[in-house]
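**Q**
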Amino acid sequence: MSTPNQRRAERKRATINAVVTDTISGEPIGHLGNLSSTGMLLIIAQAPRSEAIYQVSMTLPGSGRLLTQAQPIEVGIQEQWHEAAASSGQIWAGYRIVAITDADAARLDSWLSQA
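Just so you know, we're using this note's numbering here: the sequence shown kicks off at 3 and counts up by one.
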């Protein structure tokens, strides 16, 4: 099933293996596929509950002179859609960012602006 692209913000493909962790349980829920200032695609093993909300944390590389330092950000996300991926046992899930602090939003914007 093909869904129309309803994204409002340009997404940046994850070129790092960023594990996304549920901050409530402390368990990893998936890997980052791509990310924008308003949402993300996660590659997960189990289908999420429809429209479920999660508080998650992920570590992105720093920017500029701090490129070697990891900078974790924490966001609240809500599931928008999910479907089986081409790889067996994997699911693609699209999430909308529903909560983020100003400091984490600034770090995210900095990461997104890197070439």
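Backbone N, C-alpha and C define an ideal beta-carbon position, used for all residues, glycine too.
Relative to the C-alpha of residue 22, which candidate in 47, 28, 49 and 59 has its C-alpha closest?
**A** Comparing Cα positions, the closest option is 59.
**Q** For residue 74, count neighbouring Cβ atoms within 10 angstroms of its own Cβ and tell me buried if that reaches 16, exposed if not.
**A** By the neighbour-count rule (16 or more Cβ atoms within 10 Å), residue 74 is not buried but exposed.
**Q** Say whether chain B places a C-beta atom closer than 8 angstroms to the C-beta of residue 45.
**A** The chain labelled as chain B is not found in the depicted structure, where only one protein chain is given.
**Q** Rounded to the nearest angstrom, how far is the Cβ of residue 96 from that of residue 43, given a contact under 8 angstroms?
**A** The pair is a contact, with the Cβ atoms about 6 angstroms apart (cut-off 8 angstroms).
**Q** Let's test the definition: count the other Cβ atoms within 10 Å of the Cβ of residue 28 and tell me whether it reaches 16, buried, or not, exposed.
**A** Label assigned to residue 28: exposed.
**Q** Is residue 93 closer than 8 angstroms to residue 49 when the C-beta atoms are compared?
**A** Result yes, Cβ atoms of residue 49 and residue 93 sit closer than 8 angstroms.
**Q** Starting from residue 51, follow the beta strand (DSSP E) in both directions and report where the run begins and ends.
**A** Counting along the chain, residue 51 falls outside any beta strand (DSSP E), and DSSP gives it neither H nor E.
**Q** Evaluate residue 16 with the Cβ neighbour count: other Cβ atoms within 10 Å of its Cβ, from every protein chain shown; 16 or more gives buried, anything less gives exposed.
**A** Result: buried.
**Q** Mark residue 110 as exposed unless 16 or more other C-beta atoms lie within 10 angstroms of its C-beta, in which case mark it buried.
**A** Under this definition residue 110 is a buried residue.
**Q** Roughly how far, in whole angstroms, is the beta-carbon of residue 98 from the beta-carbon of residue 82, given that I think they are within contact range, below 8 angstroms?
**A** That belief holds up - the Cβ atoms of residue 98 and residue 82 are roughly 5 angstroms apart, short of 8 angstroms.
**Q** Could you please give the first and the last residue of the uninterrupted beta strand (DSSP E) stretch that includes residue 95?
**A** 93 to 102 is the extent of the beta strand (DSSP E) around residue 95.
**Q** With distance defined between alpha-carbon atoms, name the residue in 19, 34 and 38 nearest to residue 114.
**A** Comparing Cα-Cα distances from residue 114 to each of 19, 34 and 38, the minimum goes to 38.
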